[in-house]
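Worksheet: one structure, shown below.
Number of protein chains: 2
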Amino acid sequence: MLSHHHSSERRNVVAARSGSREILDRVGDKWSLSVIETLSDGALRFNELKKLVEGISQRMLTLTLRHLERDGLVTRTMFATIPPRVDYALTPLGFRLLKPVSELVDWVRENSDEIEKAQQSFDQQSVPQTAA
Amino acid sequence: MLSHHHSSERRNVVAARSGSREILDRVGDKWSLSVIETLSDGALRFNELKKLVEGISQRMLTLTLRHLERDGLVTRTMFATIPPRVDYALTPLGFRLLKPVSELVDWVRENSDEIEKAQQSFDQQSVPQTAA
DNA sequence: CAGCATCCGGCAGGATACTG
DNA sequence: CAGTATCCTGCCGGATGCTG
């Protein structure tokens with residue numbers, strides 16, 4: 001399949017089908033990437049994560065962790081102590097995801113200057129009202 | 001900066017600050033990645049894009065393109081013909097973004113099986129109500 | 001053809017209060 | 001400590017109708 005006849009129909013077979021959507025369904029929410037990166041140094045407990053992923057609510061942390069756990073990117077380990085203790089850690093799959101993700105993060109960081117410059121010049125040309 | 005003293009404070013300096021959020025602000029919305037990928041083959045007109053990025057509304061296409069244009073990832077070229085014609089194309093910056101993005105897309109595609117398996121086993125263990 | 005304006009529903013996600 | 005439960009809000013994004 002995917003074999004195309006002439007040249008016109010090929011394009012978004014890639015775009016729409018190849019899963020840009022699936023990525024975002026996975027790590028495209030507000031917190032997943034931050035959590036994954038924070039766990040790259042090793043296992044952490046719930047409240048440790050909550051402190052480190054600054055700004056996250058415990059509701060969102062719970063939901064994010066559940067989601068990542070469901071996707072097989074994070075393990076959840078409970079200790080039946082009192083008070084209870086729960087460790088979260090990246091799975092091998094989660095660790096492997098770290099590489100392409102880091103490269104994307106690095107790319108954005110390296111190019112953020114150029115992006116900001118583009119934004120500024122765009123914003124200027126869009127609002128040339130008062131003075132030309 | 002970023003120099004840390006002892007080992008405890010380093011972690012999410014990376015995660016929260018390094019821009020996982022900035023990425024998603026840029027390409028983390030519903031359509032940006034699809035549009036970028038679709039433009040990787042070359043310039044396209046508005047309605048061509050609309051057809052190729054299947055499922056997108058023209059409102060969202062407009063907004064997405066404006067956003068990408070503002071970020072310097074896409075150029076917009078108007079031809080003052082009747083009827084008007086507008087071409088959209090990736091900038092060099094947009095093209096360079098394609099590489100890390102593609103790797104992430106590829107990673108997800110290559111690992112989607114494992115992810116789906118993880119999801120299924122997670123869903124089973126979470127709902128063991130009727131039969132154990 | 002390539003859009004902008006408007007209206008509108010759903011849901012991501014924050015705040016808060018309560019539990020084992 | 002590590003969550004759940006509930007309420008509430010913004011805003012993302014779809015549908016529709018109108019223009020140069």
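So the protein sequences, as listed, match chains A and B.
Mapping of the first sequence onto UniProt numbering: position 21 corresponds to residue 21, and the numbering continues sequentially without gaps.
Mapping of the second sequence onto UniProt numbering: position 102 corresponds to residue 102, and the numbering continues sequentially without gaps.
We put the CB at the ideal spot given by N, CA and C, even for glycine.
Query: Extent of the continuous alpha helix (DSSP H) run through ALA118(B); Result: 92-126
Query: Neighbour list for ASP71(A) in chain B, Cβ cutoff strictly below 7 Å; Result: ILE115, ALA118 and GLN119
Query: Rounded separation between GLU54(B) and MET78(A) - CA only; Result: 44 Å
Query: Neighbourhood of residue 137(A) by C-beta, 6 Å cutoff - its chain only, sequence neighbours within 5 removed; Result: Look at the range of chain A in this structure, 1 to 132, and you will see that residue 137(A) is not part of it.
Query: Residue range of the beta strand (DSSP E) that includes VAL74(B); Result: 74-79
Query: Validate contact between the region 66-73 of chain A and the region 118-126 of chain B using beta carbons, cut 8 Å, 3 pairs; Result: yes
Query: Residue range of the unbroken alpha helix (DSSP H) whose run includes LEU39(A); Result: Unbroken run through LEU39(A): none, as it is neither H nor E.
Query: Status (buried if at least 16 other CB within 10 Å, exposed otherwise) for SER57(A); Result: exposed
Query: Beta carbon of VAL35(B) nearer than 8 Å to that of VAL101(B); Result: no
Query: For ASP29(A), the nearest candidate out of MET60(A), GLY42(A) and SER121(A) (CA to CA); Result: MET60(A)
Query: First through last residue of the alpha helix (DSSP H) which encompasses LYS30(B); Result: Note, LYS30(B): premise wrong, no alpha helix (DSSP H); not H, not E.
Query: Continuous alpha helix (DSSP H) stretch holding residue 169(B): start and end; Result: Only positions 1 to 132 of chain B appear in the structure, and residue 169(B) is not among them; the question remains open.
Query: Neighbourhood of GLU48(A) by C-beta, 7 Å cutoff - its chain only, sequence neighbours within 5 removed; Result: none
Query: 8 Å Cβ cutoff, GLY94(A) in contact with chain B; Result: no
Query: Within-8 Å CB hit, PHE122(A) to chain B; Result: yes
Query: CB contact flag (LEU98(A), SER20(A), <8 Å); Result: no
Query: Residues sharing a beta bridge with residue 134(B), DSSP; Result: Nothing about residue 134(B) can be read from this structure; chain B reaches only from 1 to 132.
Query: Within 8 Å, strictly: CB atoms of GLU22(A) and GLU103(B); Result: no
Query: Span separating the alpha-carbon of GLU116(B) from that of GLU110(B); Result: 11 Å
Query: C-beta atoms of LEU44(A) and LEU33(A) nearer than 8 Å; Result: no
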